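Everything in the sequence shown is counted per our numbering, starting at 22 for the first residue and increasing by one.
Worksheet: one structure, shown below.
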Amino acid sequence: MHKIALVGGCLVLIAGAVLVLRDPESGDVVESEPPPPQQTSVTPFADKSIGLPDRGEKPDPPRGLSIKARENRLLVGWGPEHIGEPEPARAAGYEVRWGEGGRFTHTRYVAEPVIQLDGLQNDIQYTVVVRTVDAFGQRSVALRGQGTPSAEAVQDPALYTMIDRFNGEIVPDPQRWSLVGVGNCTKAARGAGEDVRRMVITAQCGNTGEAVALRSRTPMRLADGSAGGELGRFIVQTDRPGQTGELMLDLVPGPADLIGRPPSIPLPPAVPGRASVDESLPPGTIRVRVSGRPDGTTVRVQVAPGTPLLGKPIAVPVGPLPAPYIAVSVRWEVVLRTDGVQVLRDGVVVGGGDVVPPWREATALIGFAGGPSGLYASMDLIGFTGARTEAAPLLSAPLVDFDRAVAAPGPGTQTSANGRKLFGVRTALLRLTLLSQRNQNPPGRFIVDIGGQRIPLRTAVPGQPMQVGVRLPVVADIPPESLVFADNADFIPIQVRSLAAEDGATTQVMTAELELTGEGLGTPVTRPAGPPLARPVPALAVPAVAVYDAAGQPLPQLENVPRGRLVLEVTADAAAAQRLTGAVAGLAGIEVSLDGKQLAGIPTAAEGPGIGGRWRIALNTTEIPPGSHNLQVTAIGVDQNTAFTVAYASFVMR
22 MHKIALVGGC LVLIAGAVLV LRDPESGDVV ESEPPPPQQT SVTPFADKSI GLPDRGEKPD
82 PPRGLSIKAR ENRLLVGWGP EHIGEPEPAR AAGYEVRWGE GGRFTHTRYV AEPVIQLDGL
142 QNDIQYTVVV RTVDAFGQRS VALRGQGTPS AEAVQDPALY TMIDRFNGEI VPDPQRWSLV
202 GVGNCTKAAR GAGEDVRRMV ITAQCGNTGE AVALRSRTPM RLADGSAGGE LGRFIVQTDR
262 PGQTGELMLD LVPGPADLIG RPPSIPLPPA VPGRASVDES LPPGTIRVRV SGRPDGTTVR
322 VQVAPGTPLL GKPIAVPVGP LPAPYIAVSV RWEVVLRTDG VQVLRDGVVV GGGDVVPPWR
382 EATALIGFAG GPSGLYASMD LIGFTGARTE AAPLLSAPLV DFDRAVAAPG PGTQTSANGR
442 KLFGVRTALL RLTLLSQRNQ NPPGRFIVDI GGQRIPLRTA VPGQPMQVGV RLPVVADIPP
502 ESLVFADNAD FIPIQVRSLA AEDGATTQVM TAELELTGEG LGTPVTRPAG PPLARPVPAL
562 AVPAVAVYDA AGQPLPQLEN VPRGRLVLEV TADAAAAQRL TGAVAGLAGI EVSLDGKQLA
622 GIPTAAEGPG IGGRWRIALN TTEIPPGSHN LQVTAIGVDQ NTAFTVAYAS FVMR
């Protein structure tokens with residue numbers, strides 16, 4: 022197959038190993054070799070000033086496997102929390118292979134002593150093999166085990182009034198869910214490969230502080246509390262936030278989409294077991310915010326200003342919780358009770374707040390904020406318990422076209438009432454999210470210009486003020502006759518306009534969506550299934566370099582470094598890579614250079630791809646001239662599709 026691209030005005034034909042370029046002025050054809058393939062191996066090398074570490078013995082194998090059956094998955098562990106034994110000596114990571122019928126069809130490299138195997142068939146036995154991998158790619162002997170996924174293994178006592186396991190023909194079901202994000206950088210669909218039995222949400226928006234929300238079209242309704250004081254539960258099983266990012270479980274008494282401030286805003290200290298006030302939340306809202314970090318997980322309950330509190334804290338653990346394992350599903354439950362809110366992680370109370378819902382029905386939002394590499398969230402289950410509930414049947418709605426900036430006050434309308442109309446609609450609700458750059462209390466008056474009419478907007482939750490940098494959900498009831506398409510287009514244009522001067526500050530429209538009900542049965546909300554969303558490509562271990570003195574002690578500063586012998590501690594952090602993408606790419610080796618001159622090459626694929634590790638290199642500095650010098654460490658993968666990673670350090674010789 023040939024690939025054609027336009028580069029600098031020249032037609033580039035990539036065919037085999039030759040680039041064919043045509044000069045745009047002379048028309049002459051010039052052939053040139055393509056750039057060399059990306060490096061995928063490392064040759065052993067040591068400059069005369071360098072002393073490299075030895076490989077040493079092979080690493081120890083794991084001391085046992087714990088294989089737990091789940092529906093369509095297995096949870097495999099071999100560390101202290103799973104078998105009560107320490108991790109093997111000299112472990113830089115682990116190679117895990119698995120398959121059915123004696124065939125190993127899958128391989129993954131991980132840094133932690135646990136792995137979740139997804140997308141499996143129930144009632145079929147799988148064989149799993151785990152090997153310890155050291156810093157040079159040496160393997161331990163294999164430890165083998167078997168497990169059989171089963172739907173019967175799921176112990177779920179919840180009496181759901183709404184549940185979605187995302188196993189329907191179209192994922193997510195548009196009658197049940199709306200994905201809300203800014204721009205077109207968010208997606209929700211069935212996962213590919215191992216995630217084929219899950220819903221996946223991705224976001225590559227270039228701003229890790231911006232949230233994505235999955236809104237349930239089915240409201241959550243509370244029971245009367247007669248069942249031991251429990252009013253209802255909001256249950257989400259997902260691998261987020263993991264060890265990076267945020268997970269927000271919101272219950273809002275109104276038709277809201279995005280709420281609050283961006284989750285990148287730091288949180289003030291909170292009292293364990295007490296609900297803290299977040300002045301950016303709509304009145305009556307209850308939010309459970311879960312923040313993931315490599316050193317632990319923080320869980321807190323937040324409420325809007327003016328929400329009545331019980332004054333008696335819920336009994337919860339004090340301090341950050343242990344971080345969950347990477348890419349392993351966690352079941353979060355927000356339990357609403359007459360004596361407060363409890364938050365459970367995998368059945369254990371990990372947080373809570375002294376608040377009782379001041380409403381009987383709420384919109385449920387599952388909000389995400391990604392880490393440095395964006396967002397990839399896998400969803401296994403979402404459910405409610407409480408009073409009986411169901412989603413209102415909706416019609417398919419066209420897209421809404423809008424300007425980001427709210428228009429200044431002015432007479433008349435900018436949209437037309439004379440275009441093609443949308444027929445068969447009984448009710449139309451326009452849902453918007455605004456973001457203001459000035460405080461307005463009460464909010465400034467806004468209208469929406471649609472189909473030649475000016476229709477007032479109202480706050481989705483009565484009483485919410487407009488604040489700087491806070492998302493404000495607003496809605497409008499649109500007369501069916503105002504649903505007018507743009508000329509020769511399949512979208513409905515709108516314009517949001519202020520009726521009061523805003524002192525030059527700009528209000529932005531973040532999101533817009535129409536929800537329609539129809540005459541009779543109408544046409545229900547449908548859409549073709551989108552392409553499955555693939556997991557991110559595994560990332561290489563993250564390199565770093567530190568400088569020590571001859572005795573192996575850290576240098577307090579890297580200025581006026583004494584001559585003689587230094588020790589360079591080079592590391593490749595596999596866990597950091599796994600946090601980015603869920604798996605670690607195979608490592609071919611590490612190269613170290615000083616001021617652009619190679620000092621060392623350390624292969625790490627002795628018996629297969631390496632994963633990460635730590636290496637101490639002796640450096641004789643007697644021939645290094647005085648002044649500033651730059652060290653570079655490059656981690657190189659075994660796959661041409663894996664980008665290399667680089668770290669730098671500087672020091673000044675006397």
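A virtual CB, placed ideally from N, CA and C, is assigned to each residue, including glycine.
Model, not experiment: these values are computed from the prediction.
By the criterion of a C-beta distance shorter than 7 angstroms, G114 is surrounded in its chain by Y130, V131, A132, V154, A595, V605, I632, G633, once the five residues flanking it on both sides are discounted. For T128, the CB contacts under 6 angstroms within the same chain, skipping 5 residues up- and downstream, are R118 in chain order. Rounded to the nearest angstrom, the Cβ distance from M241 to A383 is 5 angstroms, consistent with a contact under 8 angstroms.
Taking C-beta separations shorter than 8 angstroms and ignoring five residues to either side along the sequence, the partners of G85 in its chain run W99, I104, E106, L164, following chain order.
In this structure the stretch 480-494 lies against the stretch 446-456, because at least three pairs of beta carbons, one per stretch, are closer than 8 angstroms. Sequence-distant Cβ neighbours of G465 in its own chain, meaning closer than 7 angstroms and more than five residues away, are M487, S519, A521, E523. A residue is called buried once 16 or more other Cβ atoms fall within 10 Å of its Cβ, and Q59, having fewer, is exposed. Where E102 is concerned, the enclosing alpha helix (DSSP H) starts and stops at 101-104. For R211, the secondary structure class from DSSP, reduced to helix, strand or coil, is strand.
Bounds of any beta strand (DSSP E) do not take in Q599; it lies within the alpha helix (DSSP H) bounded by 595-602. In terms of Cα proximity to A210, the closest of V203, A174, V201, I222 is I222. Assigned with DSSP and collapsed to three states, S394 falls in coil, not helix or strand.
Taking C-beta separations shorter than 6 angstroms and ignoring five residues to either side along the sequence, the partners of G72 in its chain run A639, following chain order.
Between G263 and R600, the C-beta spacing is below 8 angstroms.
It is roughly 12 angstroms from the alpha-carbon of D75 to the alpha-carbon of A67.
Three or more Cβ pairs drawn from the stretch 335-349 and the stretch 133-143 lie within less than 8 angstroms of each other, which places the two stretches in contact.
The beta carbon of S161 sits closer than 7 angstroms to those of K79, P80, D81, P82, P109, R152, T153, all from its chain and outside the five residues before and after it, given in chain order.
For A497, the CB contacts under 6 angstroms within the same chain, skipping 5 residues up- and downstream, are L451, V469, I476, L478 in chain order. Taking the Cα positions, M531 is about 13 angstroms away from G281. Under the DSSP assignment, Y346 falls outside any beta strand (DSSP E); it carries neither an H nor an E label.
For A172, the secondary structure class from DSSP, reduced to helix, strand or coil, is helix. Relative to T207, the option among S649, G388, T592, D422 whose CA is nearest is G388.
Of the candidates P274, A248, Y397, K89, the residue whose Cα lies closest to the Cα of S237 is P274. Inclusion of V217 and G305 in the CB contact set at 8 angstroms is not warranted, their separation being larger than that value.
DSSP places S503 in the helix class (H, G or I) of the three-state scheme.
Annotation: the continuous beta strand (DSSP E) that includes E354 extends over 351-358. When secondary structure is reduced to three states using DSSP, D422 falls in the strand class. Taking one beta carbon from each stretch, the stretch 497-512 and the stretch 432-452 have 3 or more pairs nearer than 8 angstroms; the two touch. Annotation for S87: the continuous beta strand (DSSP E) segment containing it runs 87-91. DSSP places D278 outside both helix and strand once states are collapsed to three, so it counts as coil.
Linking S87 to R637 through their CA atoms gives a straight-line distance of about 34 angstroms. The beta carbon of A412 sits closer than 7 angstroms to the beta carbons of Q196, R197, R238, T239 from its chain, once the five residues preceding and following it are set aside; these are given in chain order. Looking at the DSSP output, S519 bridges to F467.
Residue state for D375 is assigned as coil, using DSSP reduced to three classes.
Residue burial annotation: T265 is buried, with at least 16 other C-beta atoms found within 10 angstroms of its C-beta. The closest CA to that of P430, considering only T527, V369, P575, R584, is found on T527.
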